[in-house]
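Enquirer:
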Amino acid sequence: MEAKKAAAELAITEIRDGMIVGLGTGSTAYWAIQGIGARVQNGLNIQAVATSVASENLAKELGIPLIPFANISEIDVTIDGADEVDSAWHVIKGGGGALLREKIVAFSSRKLIIVVDESKVVAQLGAFPLPVEVVKFGYELTIRKLRSLGVRPKVRAVDGQPFVTDNGNYIIDCHFGSIPNPADLHQAINGIPGVVENGLFIGMASQVIVGYKDGSVARL
Ligand code: 5RP
């Protein structure tokens, strides 16, 4: 907890009055949202968009002003967590199932700050199963196509039922073991009809902040 909180607390120092801020999802982004909420209560004047229903609810509880996507064209800074990050700042996200909204928000952000604890930093992506969001229609066929990429796809389940995303879709967790060429894989997966988006964020991060158990932080 201390590592995630420390990374998030450094990231929120980038936020200034007047900014539009993207709120990430997960246990590290949680600390960023908490910190932003505290600053808002002390007079920080921002507007925010959330990457999940959970983050939106947390923002509301903390009094962070939210604006509809229809009213914005660009987000100044987004702070979000990750499941894996490599030295090129390529990232796997979606462990919490929010990858689609996270990618939509990241794509429209001038700055995407990834906040992680040290356990997320890897030499090569792929030990963490890559989450792929697929529409429910024909998902069995979509899974077969994913399998042809040489992976073991597994429908994410909670209490024996398929996990359903905020967008009404399923998540297929794809165990690659290692991903030597994330850009090619990203394209191959998104080329399969039925796939909505995958959790590879290639060249999107502007900064990666790593927190350590002792509470120290470093930029990757
Ligand atoms: C949610 C995400 C999260 O950012 C990712 O899973 C990291 O979560 P945590 O900070 O809880 O380890 O991508 O879809």
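So my numbering is basically just the index in the sequence shown, starting at one, shifted up by 916.
C-beta: ideal position from N, C-alpha, C; glycine also.
(1) Where does the unbroken alpha helix (DSSP H) through Asp-1100 begin, and where does it stop?
(2) With distances taken from CA atoms, which of Ile-1105, Val-1051, Phe-1023, Val-1037 is nearest Arg-1063?
(3) Kindly confirm or deny that the stretch 1042–1052 and the stretch 928–937 touch, where touching means at least three C-beta pairs closer than 8 Å.
(4) With DSSP collapsed to three states, give me the class of Arg-1135.
(5) If we count Cβ pairs, one from each stretch, closer than 8 Å, do we get three or more for the stretch 1118–1127 versus the stretch 998–1011?
(6) At a cut-off of 6 Å, is Asp-1075 close to the ligand 5RP when judged by its beta-carbon and the heavy atoms of the ligand?
(7) Is the beta carbon of Val-1001 less than 7 Å from the beta carbon of Ile-1030?
(8) Kindly indicate which residue of Phe-985, Ala-1022, Ala-986, Met-935 has the alpha-carbon position closest to the one of Thr-941.
(9) Tell me whether Glu-977 sits in a helix, a strand or coil according to DSSP, three-state version.
Expert: Let me lay it out:
(1) In this chain, the alpha helix (DSSP H) harbouring Asp-1100 covers 1098–1106.
(2) Of the candidates Ile-1105, Val-1051, Phe-1023, Val-1037, Ile-1105 places its Cα closest to the Cα of Arg-1063.
(3) Touching, no, given that fewer than three Cβ pairs across the two stretches are closer than 8 Å.
(4) In the structure shown, the three-state DSSP call for Arg-1135 is strand.
(5) Per the Cβ contact rule, the stretch 1118–1127 is in contact with the stretch 998–1011 (3 or more Cβ pairs under 8 Å).
(6) For the ligand 5RP, not one heavy atom lies less than 6 Å from the Cβ of Asp-1075.
(7) Val-1001 is a Cβ neighbour of Ile-1030, given a cutoff of 7 Å.
(8) The candidate whose alpha carbon is nearest that of Thr-941 is Ala-1022.
(9) It is helical.
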